[in-house]
Structure formats: C-alpha cells, structure tokens
Amino acid sequence: MAARRTTKKPNVSKEELLGYYRDMLMIRRFEEKAGQLYGMGLIGGFCHLYIGQEAVVVGLEAATEEGDKRITSYRDHGHMLACGMDPKGVMAELTGREGGYSKGKGGSMHMFSKEKHFYGGHGIVAAQVPLGAGLAFADKYNENGRVTFTYFGDGAANQGQVYETFNMAALWDLPVIFVIENNQYAMGTAQQRSTSSQDIYKRGEAFGIAGEEVDGMDVLAVKQASEKAVAHCRAGKGPYILEVKTYRYRGHSMSDPAKYRTREEVQKMREERDPIEAVRQLLLTGNHASEDELKAIDKEIKDVVNDAAEFSKQSPEPALEELWTDIYADA
C-alpha cells in the first residue's frame with residue numbers, strides 16, 4: 114500500500130509558480146524577522162522557526178479547499194501564513210500583544226484561527242495528532258467532504274498516541290492526512306539514532322493506511338502528492354500518510370546552537386536543495402519572470418513583514434482582565 118515517492122513532474126502555470134514563490138518567500142522573510150525580534154528580546158518563551166521547510170506547507174496548502182482543516186505542532190508560523198492568516202496578527206501574537214490571534218496569551222506555540230480553520234500550534238509533542246483525527250471525525254459525521262491535515266515531526270512519530278490514532282483513523286475511515294514533516298532531527302537527535310525504521314510512512318501499513326515518501330524540498334512534488342492524498346480522503350477511503358523529507362536550516366528552537374550537525378551539512382542543503390531557489394530558477398529559466406521582477410517581489414514581501422513587525426510593536430500588551438477570558442466555553 115505504501116509508495117516511495119512521486120517522480121513525474123506536474124504541469125504548472127506561470128501564475129502557480131509565482132504564487133508558490135511568493136508564499137514560500139513570505140514564510141522565509143517572516144521567520145527571519147521573527148528571529149531578529151527574538152534576539153532583541155521582543156519575543157519571549159520558545160520560538161521554533163520554519164526556515165528551510167517552506168515547500169512542505171505551501172505545497173500541501175495548494176491542494177486544499179475552503180473548509181479543510183489543519184493542525185500542527187509548535188513549529189507553526191509557516192502553517193499560519195500559508196493558510197492565509199494575517200502576518201500582523203501572527204507577529205503580534207509572537208510578541209505577546211493584544212493584536213495577536215490569541216490576544217497575546219498564546220505566543221509562538223498556541224495561536225488559532227477559526228476563520229482560517231487553523232486549530233493550533235500545540236506545545237506537547239504529538240498531542241495534536243489525536244486532535245486532528247477528532248477534527249476529521251467531526252467532518253465525517255457531518256458528511257461535509259472536508260479533509261484535515263495533521264502535521265507532526267519525525268520525533269513525534271515515535272510517540273504512542275500516534276499509533277492509537279492511526280488505529281482509530283483506519284477503523285473509522287477518517288478523512289485525515291497525517292503529514293510527517295521529517296526534517297531529519299528530533300530536537301538534536303538524528304533520525305537514524307532515534308527511529309528503528311528508515312521509512313516512517315510504512316508504519317501505517319500495520320493499520321492498512323496508504324502512504325508515501327515525498328521530496329519536501331520540491332514544492333511541486335509536495336503539491337502533487339497532496340492532491341493524491343486529498344483525493345484518497347475525499348473518496349471515503351480513509352486516512353493517508355505523507356512522509357515529507359525536508360530540512361531545517363536553524364536549530365530546533367532559537368535557544369538551540371545546533372552543535373549536533375556540521376556547518377558544511379547545512380550549507381550543502383542551502384546551496385543544493387533550497388526550495389525557494391529551486392522555484393526561482395524555474396521562473397528564470399522558463400522566462401516567467403526577470404531578476405528585477407523577482408527582486409521587486411522580495412521587496413514587496415519585506416515591506417509586508419516590516420509592517421507586521423511595526424504593528425506588533427505598536428499593539429498594546431493585553432489587559433490584566435484578559436487573563437480570565439476564553440478559559441471556559443459557554444454551554
């Protein structure tokens with residue numbers, strides 16, 4: 114039931130390529146700015162950057178429809194931006210301000226957007242996996258044809274609740290796509306030192322769950338695999354697993370010096386496998402855009418990110434009374 118990876122390149126228009134380029138560059142520039150604000154002491158607590166992994170969420174979001182849901186772990190800023198959440202609201206939440214998506218109370222790891230069907234940002238490793246299956250259960254119950262994208266990492270893939278969830282999702286044919294963002298390091302531990310099986314997606318075979326490995330540094334490959342997984346779920350065939358092989362350029366979090374890998378390893382990935390540069394070259398070699406046009410896009414995105422940073426600085430801190438709101442739901 115499991116397949117290695119999609120190899121045939123899909124046809125893609127100039128507009129689509131430019132859209133992927135913009136979306137990935139937005140995430141990259143936003144995260145770079147977040148890193149700067151963290152260094153200035155304007156972001157407190159934990160902060161996990163998505164730099165290097167942009168093609169994963171942009172490729173997957175390209176296959177979504179209105180009403181589809183997404184839930185992920187603490188490395189979540191990229192997912193927020195890719196599903197259309199406002200950079201100003203995301204940055205304000207990172208800095209703990211009233212203008213943030215969780216009114217400054219959630220920070221980097223805990224923000225939501227019901228409007229964009231984004232259900233977190235979760236700080237407990239793998240805790241979002243059963244919650245994602247629960248979202249999919251609700252959609253199946255309501256027979257609305259929606260799909261839930263449940264993201265987790267290679268480290269979280271070793272948690273027991275993942276396999277309890279696999280079992281229930283397969284038993285009930287839930288429309289959930291389990292996305293394993295395999296960036297090859299669970300915090301500071303390389304996959305080969307923490308995972309007995311090389312191919313994590315094959316673990317679904319015991320439950321009868323179809324899956325495949327995808328090149329997560331290639332946004333077109335991710336989009337193609339995502340379309341296949343979405344079609345599988347919408348057809349009522351149950352869950353699907355995508356193990357997306359990617360790479361983070363920064364440490365696990367801003368407090369991680371990443372001494373467990375060499376600079377040469379990171380530099381090699383940056384120079385040879387960068388997902389944004391790959392799309393940039395497709396645009397240039399295909400005469401879809403000029404160097405000047407791409408520079409203009411970069412400037413436009415930097416302006417948006419700078420505006421978001423300025424908005425977060427100007428937004429007030431939440432009032433003390435805000436501590437008591439949104440704790441219990443009215444029933």
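In this text, residue positions in the sequence shown follow the numbering used here: the first is 114, and each later residue adds one. Glycine included, each C-beta is placed from N, C-alpha and C at the ideal position.
Query	Result
So for D199, helix, strand or coil by DSSP?	coil
L284 and I184 - do their beta-carbons sit closer together than 8 Å?	no
List the DSSP bridge partners of L355.	V292 and E325
May I ask you to verify whether the segment 413-433 touches the segment 198-216, counting CB pairs closer than 8 Å and requiring at least 3?	yes
I'd like to know whether the C-beta atoms of K358 and E326 end up nearer to each other than 8 Å.	yes
Looking only at C-alpha atoms, which of G245, G132, A195 and M222 sits nearest to Q166?	A195
Between which two residues does the alpha helix (DSSP H) carrying Y264 extend?	No alpha helix (DSSP H) holds Y264; the beta strand (DSSP E) holding it covers T261 to G266.
To the nearest angstrom, how far is it from the Cα of Y373 to the Cα of A168?	24 Å
Pick from L131, G349 and N124: whose alpha carbon is nearest that of Q394?	L131
From M204, A147 and M153, pick the residue whose C-alpha is nearest to that of S428; which is it?	M204
Check whether the Cβ of K358 lies closer than 7 Å to any heavy atom of the ligand ATP, and answer yes or no.	This structure lacks the ligand ATP; in fact it carries no ligand of any kind.
Looking only at its chain, what residues have a beta carbon closer than 6 Å to the beta carbon of T119, apart from the 5 residues adjacent to it on each side?	Note that T119 has pLDDT 47, beneath the 50 cutoff, so the model's placement of it is unreliable and the number below is only indicative. So the qualifying residues of the chain are A334, Q337 and A338.
So Y353 packs on A323, CB below 8 Å; how close in whole Å?	6 Å
Rounded to a whole number of angstroms, what is the C-alpha to C-alpha distance between L436 and K218?	8 Å
Kindly indicate the opening and closing residues of the alpha helix (DSSP H) around I184.	First-last for I184: K182 to I184, but that is the beta strand (DSSP E), not the alpha helix (DSSP H).
Quick check on this structure: which residue in A344, T263 and I293 has the alpha carbon closest to the alpha carbon of L355?	I293
Short of 6 Å in beta carbon distance, which residues of its chain neighbour A371, apart from the five on each side in sequence? Order them along the chain.	G364
Cα separation between E206 and Y187?	14 Å
State yes or no: is the C-beta of G242 within less than 8 Å of the C-beta of F265?	Before going further, note that residue 242 is Val rather than Gly in the sequence given. Closer than 8 Å, so yes.
Going by DSSP in three states, S366 sits in which element: helix, strand or coil?	coil
Go through its chain and collect everything with a Cβ distance to G301's Cβ below 6 Å, but skip five positions before and after it.	Y373
Whole angstroms is fine: what's the gap from M379's alpha carbon to K253's?	This sequence places Val at residue 379; Met is not what is there. Roughly 42 Å between the two C-alpha positions.
Check for me: the alpha helix (DSSP H) holding Q305 runs from which residue to which?	Q304 to S307
Is the beta carbon of K182 less than 8 Å from the beta carbon of H230?	yes
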